[in-house]
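Residue numbers (my numbering), protein chains in the order written: chain A, -9 to 154; chain B, -8 to 661. Built from N, CA and C at the ideal position, the CB exists for glycine as well. Remember, it's a predicted structure, so these values are computed and weren't measured experimentally. The next block holds one structure in the form of structure tokens; read it before the comments.
See the structure below:
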């Protein structure tokens, strides 16, 4: 056990990198794991990048790379329920959000939830989501369609946009 | 009603954004310091311990502790025993009769040791004695010889042993009879107007009103003279020695608590037991301090409420209620501190009053702190926890680490240790049992591996922390753990230097406490694995050689060979793996033409079942058919089957479509 952590010295370059990837990475992991664990996973992934900056600096798609690092950090603590248990908090802060939305999102598959929140919640393009998840755009489209259908069904509402 | 699901999703993510807030650079980079930062943190920890010692807390405690005494005991060393005894009046407060035996002990001259003047509850006694260790020798105590039917107490004769534990003197004579004594100065003075209430004194009933003391057939009016109750009416003609003494005295001087008061009349002492229905259920100060003193109390909140493993802790010394005495030494989660002052009765507990403190001054940042301050009220809960009610209304519960050991268990605490534990959130710690004849195990966290071994039923020993140990920077508690475990340079001592560490466990046995001898460092670990028993699978059939990738087939057809430069794929099956956050048991490690990976496995009857734990370098290698086929086999379904022959291992995916042909012979370089 004689491994020693590598510590980057070029803090300036890393800080610029941090500012460029942080918003999208946080959104991606929050979409997958919710605001609590997603934020924690993002901090873990970015901290990992800080420790392995010489390696991360060479990565072609750093958000995808760090998204996987964040997934790995989160999965270390499985099994546990997905953290969509914030209904009370969300209710208090956003009374216009349907109470059934969070439970409905929780019942989606992980990929469906990630896709639908990134595309319709955070306004990502489908090709950007495909790049993040390392799947084809058609796969994203399928997940998106399925997720919306499930949400409509679960919420039992008329979606003026979807039905229009 | 029409609802726009898409707009709902946007509202939800806006709530998420508000909830998540800003991820700051400090969060990402701040805790990942270089070696200089680690040194700084360790210096802070060391400074905390040093300053605490300097301000008297640890120094006083350690001075009183015999080097050979058990780590959990409050028993005074022989050297300190005489100092603790003399200059005090000791009363046998539990004596069944109201007129209490007492011993007034003072320094004798050079040849006589300790001088005693007292009473055994019936006969007066006086004379010198010496101490040989904690045994009375050369006793020349003389006694009156009145015939009594009073209960016998252990006398201070030759062969009698004296011990002071948590401030209580126990005298045990050669017949095995023990008597418990408290020093009078451990009891709080009680003002006359605080005495108003009802009492029993043996079989007699005593009532104290604001202007009179009444018992059957007698009433005497009184006035308060500062701390003294002074009678102003004539004496009564009473029967019985205690009531006679009590109600025929010119004045009372009273100490005690809300349940028992000791009235001093001239040189004698009488106990009254309060019977008021509304009297607070508060232990006497002496018994309270005896219950909480000279032991380490660890803040017992769950990890969700207090995330750091290095826990706030308290250690009240075995001191008495002397004005300005030290009340507590502790660690508030960031700084070590000591508090001097006095105790005053408050509700069901005892309140810190007139407190003045000193301590280290490390910046707290966002670190939560829990401490005893002026105005804090301390009390014991029915469950034996120490409650600290802060002046701001918050209540913090502390657990006695000594009581949290294994008194209610039939097995050794060592059996509780192996497994995976969480140090700070996300920082894992692995404890493995020793397998060699010396029984030495290892505690692993970050890059640190520290030996430990069982030394008894209540504590373990630890060895020096290796020089290349770098505690996980993201763990504020890791440096404290290093300070707890590290014995420092071994110097000329052969082998590791012993570092006793007290081990405690909560009743649910999912929280472990480790504390050093003086209680200045307490670390709390939370068990992660619900089943600490390692799997029994054997990898003997597959372990040994490195299995090199020879061919990859999908539906029986070899896939395109991987491009040059990707290196050789290989697999190794190992009994176990020294890794930071993995469970015990067999592992498969290897290289899949793109990523190095590790996974927990169970091997049985020609099938490799994938375990719940895995790790990978997680680099994407799209378009490499062999890599994709390997990953399909490794990560699909529940595992894969294997066929072993002398020079070949074939792994087949669960659906049978993918086969890996492996060879123990390293292929020649391409």
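Per-residue contacts from residue i into chain B (C-beta, under 7 Å)
i                     : result
residue 62 (chain A)  : 609
residue 58 (chain A)  : 609
residue 5 (chain A)   : 16
residue 134 (chain A) : In chain order: nothing, as chain B lies at least about 11 Å away.
residue 142 (chain A) : -4
Cross-chain neighbours of residue i in chain B, by beta carbon under 9 Å
i                     : result
residue 34 (chain A)  : 417, 465
residue 27 (chain A)  : The premise fails here: residue 27 (chain A) is roughly 11 Å from chain B at the closest Cβ pair, so nothing lies under 9 Å.
residue 115 (chain A) : Here the premise fails: no neighbours, minimum Cβ distance about 15 Å.
Neighbour list for residue i in chain A, Cβ cutoff strictly below 7 Å
i                     : result
residue 590 (chain B) : Under the 7 Å cutoff, chain A gives no residues; its nearest Cβ is about 12 Å from residue 590 (chain B).
residue 4 (chain B)   : 107, 111, 112
residue 19 (chain B)  : 8, 33, 36, 37, 40
Distance, residue j Cα to residue i Cα
i                     : j                     : result
residue 146 (chain A) : residue 9 (chain B)   : 27 Å
residue 293 (chain B) : residue 360 (chain B) : 14 Å
residue 137 (chain A) : residue 86 (chain A)  : 21 Å
residue 274 (chain B) : residue 93 (chain A)  : 51 Å
residue 197 (chain B) : residue 341 (chain B) : 26 Å
residue 0 (chain B)   : residue 88 (chain A)  : 10 Å
residue 412 (chain B) : residue 33 (chain A)  : 21 Å
residue 133 (chain A) : residue 602 (chain B) : 28 Å
residue 226 (chain B) : residue 237 (chain B) : 10 Å
residue 715 (chain B) : residue 655 (chain B) : Nothing in the structure corresponds to residue 715 (chain B), since chain B is present only between -8 and 661.
residue 289 (chain B) : residue 304 (chain B) : 4 Å
residue 388 (chain B) : residue 375 (chain B) : 10 Å
residue 261 (chain B) : residue 307 (chain B) : 30 Å
residue 6 (chain B)   : residue 642 (chain B) : 49 Å
residue 265 (chain B) : residue 90 (chain B)  : 16 Å
residue 142 (chain A) : residue 326 (chain B) : 54 Å
residue 378 (chain B) : residue 391 (chain B) : 11 Å
residue 322 (chain B) : residue 364 (chain B) : 12 Å
residue 553 (chain B) : residue 579 (chain B) : 22 Å
residue 543 (chain B) : residue 454 (chain B) : 49 Å
Per-residue burial, residue i [other beta carbons within 10 Å of its own, 16 or more giving buried]
i                     : result
residue 605 (chain B) : buried
residue 538 (chain B) : buried
residue 220 (chain B) : buried
residue 99 (chain A)  : exposed
residue 573 (chain B) : buried
residue 169 (chain B) : exposed
residue 37 (chain B)  : Confidence in residue 37 (chain B) is poor, its pLDDT being 35 and thus under 50, which makes the residue's placement unreliable; the coordinate value appears in the next sentence. Exposed, because fewer than 16 other Cβ atoms sit within 10 Å of the Cβ of residue 37 (chain B).
residue 385 (chain B) : exposed
residue 139 (chain A) : exposed
residue 312 (chain B) : Here the model assigns residue 312 (chain B) a pLDDT of 44, short of 50, so the residue's position is not dependable, and the following value carries that caveat. Looking at its Cβ environment, which holds 16 or more other Cβ atoms inside 10 Å, residue 312 (chain B) is buried.
residue 477 (chain B) : buried
residue 182 (chain B) : exposed
residue 245 (chain B) : buried
residue 301 (chain B) : buried
For residue i, the three-state DSSP class (helix, strand or coil)
i                     : result
residue 645 (chain B) : coil
residue 173 (chain B) : strand
residue 634 (chain B) : strand
residue 148 (chain B) : coil
residue 5 (chain B)   : helix
residue 93 (chain A)  : helix
residue 27 (chain A)  : helix
residue 491 (chain B) : strand
residue 216 (chain B) : strand
residue 62 (chain A)  : helix
residue 337 (chain B) : strand
residue 361 (chain B) : coil
residue 211 (chain A) : This structure cannot speak to residue 211 (chain A), because chain A is shown only from -9 to 154.
residue 142 (chain A) : helix
Chain-ordered neighbours of residue i on chain B, where CB pairs are closer than 8 Å
i                    : result
residue 44 (chain A) : What residue 44 (chain A) touches in chain B: nothing, since even the nearest Cβ is about 14 Å away.
residue 11 (chain A) : Within 8 Å Cβ-Cβ: nothing; residue 11 (chain A) doesn't reach chain B, min ~11 Å.
Residue i CB to nearest heavy atom of the ligand ADP below 7 Å
i                    : result
residue 29 (chain A) : You won't find the ligand ADP in this model; it holds no ligand whatsoever.
Closer than 9 Å at the beta carbon, the chain A residues around residue i
i                   : result
residue 1 (chain B) : 110, 111, 112, 113
Determine contact between the stretch 615 to 628 of chain B and the stretch 640 to 658 of chain B, defined as no fewer than three beta-carbon pairs at a distance below 8 Å. yes
Using a Cβ distance threshold of 8 Å, determine whether the stretch 204 to 211 of chain B contacts the stretch 162 to 177 of chain B, with at least three qualifying pairs required. no
Could you tell me whether the stretch 329 to 340 of chain B touches the stretch 494 to 505 of chain B, using the rule of 3 or more Cβ pairs below 8 Å? In short, these stretches do not touch, since the Cβ pair count stays below three.
Given 8 Å, three or more beta-carbon pairs between the stretch 26 to 42 of chain A and the stretch 113 to 120 of chain A: no
Tell me, please, whether the stretch 108 to 117 of chain B touches the stretch 278 to 286 of chain B by the rule of three or more beta-carbon pairs shorter than 8 Å. no
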